[in-house]
Amino acid sequence: MDRYQQCGAAGVTIGKHVAIGAGSVVTTDLPDNSVAVGSPARVIQQF
35 MDRYQQCGAA GVTIGKHVAI GAGSVVTTDL PDNSVAVGSP ARVIQQF
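Everything in the sequence shown is counted per my numbering, starting at 35 for the first residue and increasing by one.
Below you can see the structure in the form of structure tokens.
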């Protein structure tokens, strides 16, 4: 996981092999093998 300038809420689970866009704010759980971006972050691709 890329951890540059992202923010996450307490209790949020980030799956394995997840890419998070710079400046994204993670407010919900992210599934394994996904790409999430935005504020709030949303999954844009799963692989």
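Even glycine gets a Cβ: it sits at the ideal position worked out from N, Cα and C.
The structure presented is a predicted model; accordingly, all values stated were derived computationally and were not measured.
query: Contacts around Gly-49, its chain only, beta-carbon distance under 6 angstroms, and the 5 residues preceding and following it disregarded; result: Leu-64, Pro-65, Asp-66
query: Three-state class that DSSP yields for Ala-44 in the structure shown; result: coil
query: Same chain, Cβ closer than 7 angstroms to Gln-79, neighbours up to 5 away in sequence not counted; result: Ser-68, Val-69
query: Residue of Val-77, Ala-43, Ser-73 minimising C-alpha distance to Gly-57; result: Ser-73
query: Alpha-carbon to alpha-carbon, Val-46 and Val-77; result: 14 angstroms
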